[in-house]
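Asks:
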Amino acid sequence: MGASRRSLAWHIPRLALGLSAILFLLAAVVPQLIISKSRLIPLDTRFTVSTTPAYTQVYDPKAPCAQAAQRDCYVIETQSQLTRVLETHKTDDKKETAVSVQEKLTRTDNRHTIFTLDDSLRLTRRSTYPVADKVSQLQLTAPDFNIHIDTDTFARDGVQYFYPFEPERRSYDFFDIFAQDTIPLDYVDSSDGLYVFTQKIPATNIRQSLARSMRQPEDISDDRPDNAAHTDLNKEELADIYQSQVSADASFFYPNSDEAAPTGAVVLDPFYSATRTLWVEPQSGTIVDQKEDIFLFLARNQEEANMTAHVGHDNYRTLLRTTLSWDQQTKDRAWQQANPTLHKLEVLKVLTFSARILGFILLGYGLWRLYRKS
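Taking this note's numbering, the leading residue of the sequence shown gets 4, the next gets one more, and so forth.
#1: Among the residues of its own chain, which have a CB less than 6 Å from the CB of residue 90, if the five just before and after it don't count?
#2: Round the Cβ separation of residue 277 and residue 292 to the nearest angstrom and send it over; I've been treating them as touching at under 8 Å.
#3: Using 8 Å as the threshold, is the segment 72 to 87 in touch with the segment 135 to 145, meaning 3 or more CB pairs across them?
#4: Can you give the beta carbon distance from residue 131 to residue 330, rounded, assuming they're within the 8 Å contact cut?
#5: What are the residues that DSSP puts in a beta bridge with residue 52?
#6: Measuring straight from C-alpha to C-alpha, what distance separates residue 360 and residue 22?
#7: Let me know if residue 202 comes out buried or exposed under the rule of 16 or more other beta-carbons within 10 Å of its beta-carbon.
#8: Between residue 207 and residue 118, which are expected to be in contact by the criterion C-beta below 8 Å, what is the C-beta distance as a whole number of angstroms?
#9: Across the segment 249 to 258 and the segment 181 to 191, are there enough close Cβ pairs to call them in contact, namely three or more that are closer than 8 Å?
#10: Using CA atoms only, rank isn't needed, just tell me which of 256, 169, 281 and 70 is closest to residue 318.
#11: Using CA atoms only, rank isn't needed, just tell me which of 121, 44, 371 and 173 is closest to residue 151.
#12: Compute the distance between the beta-carbons of residue 153 and residue 209, then report whether it is under 8 Å.
#13: Could you pull out every unbroken alpha helix (DSSP H) segment of at least 4 residues lying fully inside the segment 283 to 357, listed in chain order?
#14: Considering only residues of the same chain and omitting the five flanking positions on each side of residue 128, which have a CB-CB separation below 7 Å?
#15: When DSSP builds the beta bridges, which residues end up paired with residue 1?
#16: Using the Cβ count rule (16 or more neighbours within 10 Å means buried), how would you classify residue 28?
#17: Indicate the three-state DSSP secondary structure (helix, strand or coil) for residue 239 in the structure shown.
#18: Quick one: using the 10 Å Cβ neighbour count with 16 as the cut-off for buried, is residue 306 buried or exposed?
#19: Taking 8 Å as the CB-CB cut-off, is residue 129 touching chain D?
#20: Between the alpha carbons of residue 254 and residue 52, how many angstroms are there, rounded?
#21: Beta carbon of residue 285, beta carbon of residue 197: below 8 Å?
#22: What did DSSP end up calling residue 363 once you bin it into helix, strand or coil?
#23: Pick out whichever of 339, 159 and 298 has its Cα sitting closest to the Cα of residue 321.
#24: Evaluate residue 70 with the Cβ neighbour count: other Cβ atoms within 10 Å of its Cβ, from every protein chain shown; 16 or more gives buried, anything less gives exposed.
#25: For residue 254, which three-state DSSP category applies?
#26: What whole-angstrom Cβ distance do residue 213 and residue 244 have, given they're in contact under 8 Å?
Here's what the structure looks like:
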């Protein structure tokens, strides 16, 4: 009996010390393994975005206008709504996911489509950035504006539909469809526990964007001089680009009261400016809200485009002006995606804390028993 007690007294402190070591190890390793998996973009998902119907100015070539009417007659006031379906799929590389996006902006009064987008890309699941391979491809069509983007496969840069897990409070390159380029999305604030990022896109010549989408399908994010934009294009591609231009007498595009308006025949290019704001949950990196102020318009040159974009509206040369804000249902769905990760992180925090406390108790108990024995 005495030998048994001595054996038990010898084993208990060592068992306590061993268990404390195991608990410390589990507290250090298990959360990292679980968090590492949570960092990955989930596979085989479907997320639907819809925006609140919003006031919209849009060019309607079929508006009932008199033959001698100025262009402001064709710029009508209505409401529009954007819908987007985003899906993620498995690939042959488990570290990557294929993303497909179908997007449509529609007038609410007659269900007429303003533009459609079909976008496909492959992302690294951990970083949420596009892979370096030439596997991205997109088609954007706005028939009433004679804007058609149809890229070959290319290598894309910048975030777009996803944000990284635990994003930093810094600027991220963000790929814009109309600009066909990456433009910084800047961290500006923390509001109600969310990170707020804003991107301001200056007046961008859509003709140059079309050229970027065609001239080098390998990587349309590379910076190249605008004066070299058309040098690599064939005649058909140049024709596609220049069909977005419009020409007529200046009196059609400018009000008679504008003393500074040009006279005679003018040629105008489509331009684009936008302000994009994202609200990001800072632990999961989930985008839980988004707002975009979009302005497409015509201008003779970059200087005039800059002035028009600064004013923010023009009743004569507008192609599209609207605000796209996620509706409440979309925001609720985004939070439904974020909440499981947040709950998992909270449970991990509690379990890790409990394991460490219990580990310290066992460590102290084991050392105390060893001290008593000695």
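Here a beta-carbon is modelled for each residue, glycine too, at the ideal position from N, C-alpha and C. Computed from a prediction, not measured in an experiment: that's the story for all the values here.
Replies: Per the coordinate set shown:
#1: For residue 90, where only same-chain residues beyond five positions count, the Cβ hits under 6 Å are 49 and 103.
#2: That belief does not hold up - the Cβ atoms of residue 277 and residue 292 are roughly 17 Å apart, past 8 Å.
#3: Between the segment 72 to 87 and the segment 135 to 145 there are fewer than three C-beta pairs closer than 8 Å, too few to call the two in contact.
#4: At roughly 24 Å, the Cβ-Cβ gap does not stay under 8 Å, so residue 131 and residue 330 are not in contact.
#5: Paired residue(s): 87.
#6: Cα atoms of residue 360 and residue 22: separation of roughly 12 Å, rounded to the nearest angstrom.
#7: With 16 or more neighbouring CB atoms inside 10 Å of its own CB, residue 202 falls in the buried class.
#8: In fact, because the Cβ distance is near 16 Å, the residues do not count as touching under 8 Å.
#9: A contact is defined here as three or more CB-CB pairs under 8 Å, and the segment 249 to 258 fails this definition with respect to the segment 181 to 191.
#10: Ranked by how close their Cα comes to the Cα of residue 318, the residues 256, 169, 281 and 70 have 256 in first place.
#11: Closest in C-alpha terms to residue 151, from the list 121, 44, 371 and 173, comes 121.
#12: A distance of 8 Å or more separates the beta carbons of residue 153 and residue 209.
#13: You should have 305 to 314.
#14: Within the same chain, residue 128 has close Cβ partners 43, 44, 98, 99 and 100.
#15: Lying outside 4 to 377, the shown extent of the chain, residue 1 is not represented and no answer is given.
#16: Counting other Cβ atoms within 10 Å of its Cβ, residue 28 stays below 16 and is therefore classed as exposed.
#17: Residue 239 carries a helical assignment under DSSP once its states are collapsed to helix, strand and coil.
#18: Exposed, because fewer than 16 other Cβ atoms sit within 10 Å of the Cβ of residue 306.
#19: Given the protein chain composition of this structure (a single chain), no chain D is represented.
#20: Just so you know, the alpha carbons of residue 254 and residue 52 end up roughly 41 Å apart.
#21: Going by C-beta atoms, residue 285 is nearer than 8 Å to residue 197.
#22: It is helical.
#23: When the alpha-carbon of residue 321 is set against those of 339, 159 and 298, the nearest one is in 298.
#24: Residue 70 should be labelled exposed.
#25: Three-state result, residue 254: helix.
#26: The beta-carbon distance between residue 213 and residue 244, rounded to whole angstroms, is 5 Å. This is short enough to meet the 8 Å contact definition.
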